[in-house]
Amino acid sequence: MSKLDNFADYLTKIDNPIHREQLTGVLQWIIDEFPTLETKIAWNQPMFTDHGTFILGLSVAKHHFSIAPEGIVIEKFADKIANANYSTGKQFMRIKWDQPINYDLLRDIIQFNIDDKKDCPTFWRK
């Protein structure tokens, strides 16, 4: 079973086939770029973890999908997120379905979380 298979049920619930394909592509890209991350569904969304600690979660909405790396990461990358024209919430950034995906930014966010949480013994930062 591939790591992407862990997300199969979640992906089939995305009604719009274009959105489903786009999110599948993002998930597969993360799996390919960061093969040591574990995949799981938690809180009804795809998540990536490293040694049991949260790295990234994703969720979908009608007009966008969200990438949630924890609030400290949103703050750290606020300028780069704004430069990509993504909107943010306290814990996440939103990418509209018709916006290009800034994979360099996504790579930097994930790598920061992996490095910053390498010694983190808990799921969330304290």
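Residue numbers (full-length UniProt numbering): 1 to 126. Cβ coordinates follow ideal geometry from the N, Cα and C atoms, glycine included.
Under three-state DSSP, which class holds residue i?
i, result
"Ala-8", "helix"
"Ala-84", "coil"
"Lys-117", "coil"
"Leu-56", "strand"
"Thr-24", "helix"
"Gln-111", "helix"
"Ile-101", "coil"
"Pro-35", "coil"
Between which two residues does the alpha helix (DSSP H) holding residue i run?
i, result
"His-63", "That residue, His-63, is in no alpha helix (DSSP H); it is neither H nor E in DSSP."
"Glu-38", "That residue, Glu-38, is in no alpha helix (DSSP H); its beta strand (DSSP E) goes 38–42."
"Lys-76", "71–76"
To which residues of the same chain is residue i closer than 7 Å at the C-beta, ignoring the five residues directly before and after it?
i, result
"Val-73", "Ile-109, Phe-112 and Asn-113"
"Val-60", "Ile-14, His-19 and Leu-23"
Let me check understanding here. Comparing Cα to Cα, which of the options lies closest to residue i?
i, options, result
"Ala-68", "Asp-119, Asn-83 and Met-47", "Met-47"
"Gln-22", "Asn-6, Lys-40 and Trp-97", "Trp-97"
"Asp-104", "Lys-80, Leu-4 and Ile-41", "Lys-80"
"Thr-36", "Thr-88, Asn-6, Asn-83 and His-51", "His-51"
Can you name the start and end residues of the beta strand (DSSP E) that residue i belongs to?
i, result
"Lys-96", "93–96"
"Pro-46", "45–50"
Between which residues of its own chain and residue i is the CB-CB distance below 8 Å, once the five residues before and five after are set aside?
i, result
"Glu-70", "Phe-54, Gln-91, Asn-113, Trp-124 and Arg-125"
Which residues in the same chain have their Cβ closer than 6 Å to the Cβ of residue i, if we skip the five residues on either side of it in sequence?
i, result
"Lys-117", "Thr-53"
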